[in-house]
Every structure is written in structure tokens, then in C-alpha cells.
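A quick write-up on the structure given underneath.
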Amino acid sequence: MQGVRRNRLDPSRRVFGLTSSGERTIVRLWRDAASAGRDDAAYLAEVEPGRWREVSWGEAARAVDELANGLLARGIRRGDAFGIVSRTRLEWTLFDFALALVGGITAPVYPNSSANEAAYLLQHAEVVGGLAEDETQLAKIEALGLAHVLTLADLEGLREQGIAFAREHPEALDAAAAAVDEEDIYTYIYTSGTTGPPKGCMIRHRNYYAMTSSIERVEDLWLGEDVMLLYLPLAHNFGRLMSLWGAYAGFTIAFCPDPYAVAEALPQVRPTLLPSVPRLYEKAHTARRLGGRGRPPGERSAPARTAAASSAGSPASDRRPAPLLEGQGALRRPPEDRHLGRSAARQGDRRAFPRTRHPDPRGLGPDRVHDGGDREPTTELSFRHGRAGDARRRGEDGARR
Numbered sequence: 026m027q028g029v030r031r032n033r034l035d036p037s038r039r040v041f042g043l044t045s046s047g048e049r050t051i052v053r054l055w056r057d058a059a060s061a062g063r064d065d066a067a068y069l070a071e072v073e074p075g076r077w078r079e080v081s082w083g084e085a086a087r088a089v090d091e092l093a094n095g096l097l098a099r100g101i102r103r104g105d106a107f108g109i110v111s112r113t114r115l116e117w118t119l120f121d122f123a124l125a126l127v128g129g130i131t132a133p134v135y136p137n138s139s140a141n142e143a144a145y146l147l148q149h150a151e152v153v154g155g156l157a158e159d160e161t162q163l164a165k166i167e168a169l170g171l172a173h174v175l176t177l178a179d180l181e182g183l184r185e186q187g188i189a190f191a192r193e194h195p196e197a198l199d200a201a202a203a204a205v206d207e208e209d210i211y212t213y214i215y216t217s218g219t220t221g222p223p224k225g226c227m228i229r230h231r232n233y234y235a236m237t238s239s240i241e242r243v244e245d246l247w248l249g250e251d252v253m254l255l256y257l258p259l260a261h262n263f264g265r266l267m268s269l270w271g272a273y274a275g276f277t278i279a280f281c282p283d284p285y286a287v288a289e290a291l292p293q294v295r296p297t298l299l300p301s302v303p304r305l306y307e308k309a310h311t312a313r314r315l316g317g318r319g320r321p322p323g324e325r326s327a328p329a330r331t332a333a334a335s336s337a338g339s340p341a342s343d344r345r346p347a348p349l350l351e352g353q354g355a356l357r358r359p360p361e362d363r364h365l366g367r368s369a370a371r372q373g374d375r376r377a378f379p380r381t382r383h384p385d386p387r388g389l390g391p392d393r394v395h396d397g398g399d400r401e402p403t404t405e406l407s408f409r410h411g412r413a414g415d416a417r418r419r420g421e422d423g424a425r426r
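Numbering-wise, the sequence shown is residues 26 to 426 according to the working numbering.
Structure follows, in C-alpha cells:
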């Protein structure tokens, strides 16, 4: 693939924390992105090994609108939960935005989940339908008796339904989108379940909007002309955040469904942003230290300008300082205490987000997740102020110890 065109976005067009309408919703995040008049690629999708197709913002916006109208045609309405069982693909992200436009709630499931695990999560989330990547994933959900069961191959038909529905009901989608409130639930994110049944976090639109918009406040993190290679699972909080950030900031995202294909994708896409787990960086560093020996010159990967690690404190963070930014650990802190830490954070090299103020005297910022309510009492208890059971102090750099 020849060089990817870079997006250029005037950062002054948006005030931090607010969309053009003042509502912190994923609806507005997407519609701001779709209406920004960007000429370059929104996404890159690998159509066959080594060949990537550019998807413009206009094409992506049409697809999302058609999918959203298709969901309305099928009776999906505000507050309905819909499961997605798929690897990291363009279709995942477009369907997620379509669900947000109609007020639906995305309930993602890791593609490597067993049938029993998938069934537990989807039944617990009370989904009305499920989207499966292929026949393998379909087998995990088709016995649940859901009202709506789709595969990625069915999405073209859903878009056709949407086109027909929009002809008959041209105002329906705008009305549905306008009804979405920033206090509405945007998604359920489940814990791993290693210490018991998975717990569901009910995350509001404003939660994810606040997390996404706060990234842009980090100095020199992105240039407005970046390309991100995204292989992290979108069922994970960090992978999902990266997907939303691409639309918010206006750079290109290349989706890599197979983590084992990242090495091949790097020289093809030549990303400037590479969110990942630390182990991949360790392998890349080792390969570079060895001078790429054992690989043909054409297969040597171009290094990313900036990377964000989704798991702090693992061995790769400790072995050698490198320009890595801690992402997942930062998500666990409220915005007024959030840092995007470099890999040398233990030596005090930390880059802090600007402080934000929130009227809640307990310091619960706008990215705090919903307490879970009657859906998960144990989650509710864990989010009550003063119940964490740990004591911390602040260091000179402002970080909690």
C-alpha cells in the first residue's frame, strides 16, 4: 500500500469537554466527526493480505446512518442492549456507532470467550440481539433465543433495510439521536471473572466522552495527522477508548483483527500510534536491538512515533526506558488525578493531564462509571466513596501512592 494520506484537524474547532451541542454523548462525538469536512481516510480495512482499503469519513457516516436506520426498522430502540462477538474490525466500530445513534447499548463479548461465557454475559446484559463475526461466533449465541441475530455478512442487508426505512421515515433517525442523553448508558463492560462471575460496569455516554476528550489535553501526544494501528480487542475498555479517540481527534485507524498479524501490518500501514500490551513493545525492541536479523529487509517494521501501553507494571515497563505511555492505569483514576505515565514512570518521569474541577466534593469526575444499581450490587458497593479500603498519599508530582 502506498503512503496513507494524513488527516489534518484544527484543534481550535472544539472546546474541551463539550461537543457542538454541549452534550457529552457518543452521538455527538460521531456526528461532529462525520460533519467536520475531513477529506482523508477515517479508517483502513485489510480486504486481502497486504492490501488495505481506505474508508472516507463520508463513506463511514453513510454506513453508520444506514445501519442505524436498519436497527430502527428492526425495532431497536433507546435502552435496548445488543451484543457484539467479534474481533477488532471496522464493522464492529461502525455498528457500535449505529447503536449509539438510536440509543442502544453495546454489550461486547471477547471473541475468544467460550459459548458458556458468551451466554452468561449476554443473558446478564439482557440483550435483545447479537452480532457475530462469523459462523464460529454465531454458534455461541444462536441458541439463546434472541430476537435479532446477525453476522457481519448480514450487515449489507441491514443497510438496505435502513435505506428503505429512511425513505419512509426520513426524520426517525434524527429524532432517535436527539433523544439520547449524556446520562444514558452507552455500553456494558464486563470484568474478567477471575474472582467470581463477571461484573458488569454500566458506562454512560458522558463517561466515555470525558475519557476520550481528556486524551487531547496531553501535550504532543498526537499531531492531528496520525495513523493508528489498532489490534486490541474492542470489548476491552482501552481498545474501545482508542476507537472513539480516532473519531474524536480525526486521525486514521487501521484495524488488524489478528494480533499475530501485527508484524506484517506495521510496514504496510506505517502507523504513528500503536496502542498495545507491553509484550509487543518488548518484542519490537528486541528485534530492533538485534538489527532485524532473520527478517528480509522489506519486512522490517517502521517504528511508531508514539505508543500507549494498556497494561502497566509488566516486565516490558521495567527493562529499558522507551517512549511508551501508560494508558490502562490512567483509566483507573478520575480525571483530576490522571497521568499518562511513560515507561520510566518509576523514576518519576510522568506527564500529567491538566487538572479539572468537578462540583462533587468527593472528587468523582465525569468519567466515573454507573454504580451498577440492581444489576450488580457488588459493583455498586465497590464504587461507594470511602469503601475502597486502601490509604494513599500524593507525591510531589501529584500522583497518588
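Don't be surprised by glycine CBs; every beta carbon is placed ideally from N, CA and C.
All values derive from a computational prediction rather than experimental measurement.
Open item on the list: Between Ile228, Glu71, Val152 and Met236, which has its C-alpha nearest Asp206's C-alpha?
Closed with: To locate residue 206, count along the sequence shown from 1; it is residue 181. Closest option to Asp206, Cα to Cα, is Ile228.
Open item on the list: With H, G and I counted as helix, E and B as strand and the rest as coil, what does DSSP make of Gly225?
Closed with: For this step, residue 225 is matched to residue 200 along the sequence shown. The answer is strand: DSSP assigns Gly225 an E or B state.
Open item on the list: Using CA atoms only, rank isn't needed, just tell me which of Met236, Tyr135, Ile210 and Gly128 is closest to Met267.
Closed with: For the purposes of this step, residue 267 is taken as the residue at position 242 of the sequence shown. When each option's Cα is compared against that of Met267, the closest is Met236.
Open item on the list: Looking at the secondary structure, which residues open and close the beta strand (DSSP E) in which Thr277 lies?
Closed with: Counted from its first residue, the sequence shown places residue 277 at position 252. Thr277 -> beta strand (DSSP E) spans Thr277 to Phe280.
TODO: Would you identify the three-state DSSP class for Ser301, choosing helix, strand or coil?
DONE: As a position in the sequence shown, residue 301 is number 276, starting the count at 1. Three-state DSSP puts Ser301 in a strand.
- [ ] Please state if the CB of His230 and the CB of Arg102 are separated by a distance shorter than 8 Å.
- [x] Stepping through the sequence shown from its first residue, residue 102 is reached at position 77. Stepping through the sequence shown from its first residue, residue 230 is reached at position 205. Cβ atoms of Arg102 and His230: not closer than 8 Å.
- [ ] Return the first residue and the last residue of the alpha helix (DSSP H) that Trp13 is part of.
- [x] Since the displayed the chain opens at 26 and closes at 426, residue 13 lies outside it and no answer follows.
TODO: Taking all protein chains shown into account, decide if Tyr285 is buried (16 or more other Cβ within 10 angstroms of its Cβ) or exposed.
DONE: The sequence position of residue 285 within the sequence shown is 260, counting from 1. Exposed, because fewer than 16 other Cβ atoms sit within 10 Å of the Cβ of Tyr285.
Open item on the list: If distances are taken between C-alpha atoms only, which option among Thr113, His149, Ser238 and Gly154 comes closest to Asn137?
Closed with: Position 112 of the sequence shown, counted from the first residue, corresponds to residue 137. Of the listed residues, the one whose Cα sits closest to Asn137 is Thr113.
- [ ] Sort Val252, Ser217, Pro195 and Asp64 by Cα distance to Gly95 and report the nearest one.
- [x] Looking up residue 95 in the sequence shown gives position 70. The shortest C-alpha separation from Gly95 is found at Pro195.
TODO: Could you say which of Lys308, Phe276 and Tyr213 lies nearest to Ala132 if we only look at CA atoms?
DONE: Locating residue 132 in the sequence shown gives position 107, counting from the first residue. With distances taken between CA atoms, Ala132 lies nearest to Tyr213 out of Lys308, Phe276 and Tyr213.
- [ ] Kindly indicate which residue of Val243, Phe280, Ala144 and Ala164 has the alpha-carbon position closest to the one of Pro222.
- [x] Translated into positions along the sequence shown, residue 222 becomes position 197. For the residues Val243, Phe280, Ala144 and Ala164, the minimum Cα distance to Pro222 belongs to Ala144.
Open item on the list: Taking only three categories from DSSP, how would you classify Val152?
Closed with: In the sequence shown, counting from the first residue as 1, residue 152 sits at position 127. Three-state result, Val152: strand.
Open item on the list: Extract the residue ranges of the beta strand (DSSP E) inside the region 85 to 156, only unbroken runs of 3 or more that lie entirely within it.
Closed with: Counting only runs of 3 or more, we get 106 to 110 and 130 to 134.
- [ ] Could you tell me which residues DSSP pairs with His173 in its beta bridges?
- [x] For the purposes of this step, residue 173 is taken as residue 148 along the sequence shown, with counting starting at 1. Its beta-bridge partners are Gly154.
- [ ] Check whether the region 156 to 175 touches the region 74 to 83, taking contact to mean three or more Cβ pairs, one atom from each stretch, closer than 8 Å.
- [x] no
Task: Contact check, Phe276 vs Val294, beta carbons under 8 Å - done: Here residue 276 refers to the residue found at position 251 of the sequence shown. Here residue 294 refers to the residue found at position 269 of the sequence shown. Not closer than 8 Å, so no.
Task: Separation of Glu289 from Ala191, as counted between CA atoms - done: Looking up residue 191 in the sequence shown gives position 166. Looking up residue 289 in the sequence shown gives position 264. Roughly 41 Å separates the two Cα atoms.
- [ ] Name the residue from Leu246, Ala200, Leu177 and Arg87 whose alpha carbon lies nearest to the alpha carbon of Leu97.
- [x] Stepping through the sequence shown from its first residue, residue 97 is reached at position 72. For Leu97, the closest of Leu246, Ala200, Leu177 and Arg87 by C-alpha to C-alpha distance is Ala200.
Open item on the list: I'd like the span of the beta strand (DSSP E) that includes Arg76, first residue to last.
Closed with: Indexing the sequence shown from 1 puts residue 76 at position 51. Where Arg76 is concerned, the enclosing beta strand (DSSP E) stretches over Arg76 to Ser81.
Open item on the list: Just to confirm the assignment, what range does the beta strand (DSSP E) spanning Leu69 have?
Closed with: In the sequence shown, counting from the first residue as 1, residue 69 sits at position 44. Unbroken beta strand (DSSP E) run through Leu69: Ala66 to Glu73.
Open item on the list: Could you check whether the region 145 to 164 touches the region 174 to 188, counting it as contact only if at least three pairs of C-beta atoms, one from each stretch, sit closer than 8 Å?
Closed with: Yes, since at least three Cβ pairs between the region 145 to 164 and the region 174 to 188 fall closer than 8 Å, the two stretches touch.
Open item on the list: In the DSSP output, which residue or residues are listed as bridge partners for Tyr215?
Closed with: Here residue 215 refers to the residue found at position 190 of the sequence shown. According to DSSP, which records beta bridges pairwise, Tyr215 is partnered with Gly225.
Task: For Leu246, the residue or residues it bridges with in DSSP - done: Looking up residue 246 in the sequence shown gives position 221. Answer is none; Leu246 lacks a bridge partner.
Task: Proximity winner among Ala203, Leu198 and Asn232, relative to Tyr211 (alpha-carbon distances) - done: Within the sequence shown, the letter at position 186 stands for residue 211. Ranking Ala203, Leu198 and Asn232 by Cα distance to Tyr211 puts Asn232 first.
Task: Three-state secondary structure assigned by DSSP to Leu315 - done: For the purposes of this step, residue 315 is identified with residue 290 of the sequence shown, where counting begins at 1. In this structure, Leu315 counts as coil in the three-state DSSP scheme.
Open item on the list: Can you tell me where the beta strand (DSSP E) holding Leu255 begins and where it ends?
Closed with: Translated into the one-based positions of the sequence shown, residue 255 becomes position 230. Unbroken beta strand (DSSP E) run through Leu255: Val252 to Leu255.
- [ ] Thinking Ala279 and Leu69 are a contact (beta carbons under 8 Å), I'd like their distance in whole angstroms, please.
- [x] Residue mapping note: residue 279 aligns to position 254 of the sequence shown, counting from 1. Residue mapping note: residue 69 aligns to position 44 of the sequence shown, counting from 1. With 8 Å as the limit, Ala279 and Leu69 qualify as a contact, their Cβ atoms being about 4 Å apart.
Task: Opening and closing residue of the alpha helix (DSSP H) in which His239 lies - done: Reading the sequence shown from its first residue, position 214 is the one you call residue 239. A quick correction: the sequence has Ser, not His, at residue 239. Start and end: His230 to Ile240.
- [ ] Compare the Cα-Cα distances from Ala260 to each of Leu126, Ser60 and Val134 and report the closest residue.
- [x] Position 235 of the sequence shown, counted from the first residue, corresponds to residue 260. Considering only alpha carbons, the answer is Val134.
TODO: For Ile210, write down the residues that DSSP places opposite it in a beta bridge.
DONE: Taking the first residue of the sequence shown as 1, we reach residue 210 at position 185. Bridge partners of Ile210: Arg229.
- [ ] Could you check which residue in Phe263, Thr297 and Ala197 has the C-alpha nearest to that of Asp245?
- [x] Walking along the sequence shown from the start, residue 245 turns up at place 220. Of Phe263, Thr297 and Ala197, the residue nearest in Cα terms is Thr297.
- [ ] Over the uninterrupted alpha helix (DSSP H) stretch that includes Thr161, give me the two end residues.
- [x] Translated into the one-based positions of the sequence shown, residue 161 becomes position 136. Run containing Thr161: Glu160 to Ile166, per the alpha helix (DSSP H) assignment.
Open item on the list: Going by DSSP in three states, Pro284 sits in which element: helix, strand or coil?
Closed with: The residue labelled residue 284 in the question sits at position 259 within the sequence shown. Correct three-state label for Pro284: helix.
TODO: Starting from Ala58, trace the alpha helix (DSSP H) both ways and give me its first and last residue.
DONE: Locating residue 58 in the sequence shown gives position 33, counting from the first residue. For Ala58, the uninterrupted alpha helix (DSSP H) segment begins and ends at Ile51 to Ala59.
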